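Numbering (my numbering), first residue to last: 32 to 191. By construction, the Cβ of each residue, glycine as well, lies at the ideal position given by its N, Cα and C atoms. Remember, predicted model here, so these are calculated numbers, not experimental data.
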């Protein structure tokens with residue numbers, strides 16, 4: 032990450048199209064973990080208009096380099112769920128995902144939460160383990176998004 036000057040900030044309405052591009056690219060980047068049919072269905076669920084309400088609620092944040100959005104995360108301070116964390120595959124393994132998780136954890140601290148949780152896609156389990164999350168259970172999908180992919184339920188203590 033030393034060659035990147037990454038800024039993490041709250042998403043704005045004008046970011047929706049770039050967020051969508053990152054989201055779809057990241058979904059297509061996990062093709063080895065899920066069937067082609069599932070990848071196509073998963074990617075098709077999203078459009079630039081999918082993010083408006085979440086952006087308006089202040090729950091979406093982006094990672095950008097020189098004005099280009101290269102990743103995004105979504106955190107619900109009411110439930111403690113890290114609902115999304117995606118990085119453009121061209122910027123994978125450069126610390127961007129870790130910055131997004133640190134932002135989710137910072138937001139959890141502001142909300143006074145002691146623990147946070149997420150539903151990890153199969154490709155991301157090792158990443159979350161390296162970030163200090165623990166596997167709690169196997170699951171099929173994330174209840175919040177009606178995603179029917181196999182996932183792993185993971186938790187992390189973030190303190191108060």
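- Message: If you reduce the DSSP assignment to three classes, tell me which class residue 130 lands in.
- Response: Sequence index remark: in the chain shown, residue 130 carries index 99 (1-based). Helix, per DSSP.
- Continuous alpha helix (DSSP H) stretch holding residue 49: start and end: As a working mapping, residue 49 is identified with position 18 in the chain shown. For residue 49, the uninterrupted alpha helix (DSSP H) segment begins and ends at 47-59.
- Message: Whole angstroms are fine: how far does the CA of residue 156 sit from the CA of residue 48?
- Response: As a first step, residue 48 is located in the chain shown; it is residue number 17 there, counting from the start. As a first step, residue 156 is located in the chain shown; it is residue number 125 there, counting from the start. Approximately 27 Å between the Cα atoms of the pair.
- Applying the criterion that 16 or more other CB atoms from any shown protein chain within 10 Å of the CB defines a buried residue, is residue 105 buried or exposed? As a working note, residue 105 is residue 74 in the chain shown. So residue 105 counts as buried.
- Quick one: Cα of residue 150 to Cα of residue 97, how far? By one-based count along the chain shown, residue 150 stands at place 119. By one-based count along the chain shown, residue 97 stands at place 66. Straight-line Cα distance between these residues: approximately 30 Å.
- Task: For the alpha helix (DSSP H) containing residue 68, list its first residue and its last residue.
- Result: Taking the first residue of the chain shown as 1, we reach residue 68 at position 37. Secondary structure note for residue 68: its alpha helix (DSSP H) is the uninterrupted segment 67-75.
- Applying the criterion that 16 or more other CB atoms from any shown protein chain within 10 Å of the CB defines a buried residue, is residue 32 buried or exposed? Locating residue 32 in the chain shown gives position 1, where the first residue counts as 1. Confidence at residue 32 is low in this model, with a pLDDT of 46, below 50, so the placement of that residue should be treated as unreliable; the coordinate-derived value is given next. Residue 32 should be labelled exposed.
- Query: Between 111, 121, 90, which lies nearest to residue 190 when the distance is taken from Cα to Cα?
  - Reply: As a working note, residue 190 is residue 159 in the chain shown. The residue with the shortest Cα to Cα distance from residue 190 is 111.
- Task: Ignore the nearest five residues each way along the sequence and tell me which others in residue 55's own chain have a CB closer than 8 Å to its CB.
- Result: Residue numbering aside, residue 55 sits at position 24 when the chain shown is read from its first letter. If you ignore the 5 residues before and after residue 55, its C-beta comes within less than 8 Å of the C-beta of 74, 77, all in its own chain and listed in chain order.
- Message: Check this for me: beta carbons of residue 119 and residue 143, under 9 Å apart or not?
- Response: For this step, residue 119 is matched to residue 88 along the chain shown. For this step, residue 143 is matched to residue 112 along the chain shown. With contacts defined as CB atoms closer than 9 Å, residue 119 and residue 143 fail to qualify as a contacting pair.
- Among 159, 182, 84, 166, the one whose alpha carbon lies nearest that of residue 131: For this step, residue 131 is matched to residue 100 along the chain shown. Ranking 159, 182, 84, 166 by Cα distance to residue 131 puts 159 first.
- Would residue 186 pass as a contact of residue 164 if the rule is Cβ separation under 9 Å? Here residue 186 refers to the residue found at position 155 when the chain shown is read from its first residue. Here residue 164 refers to the residue found at position 133 when the chain shown is read from its first residue. Yes.
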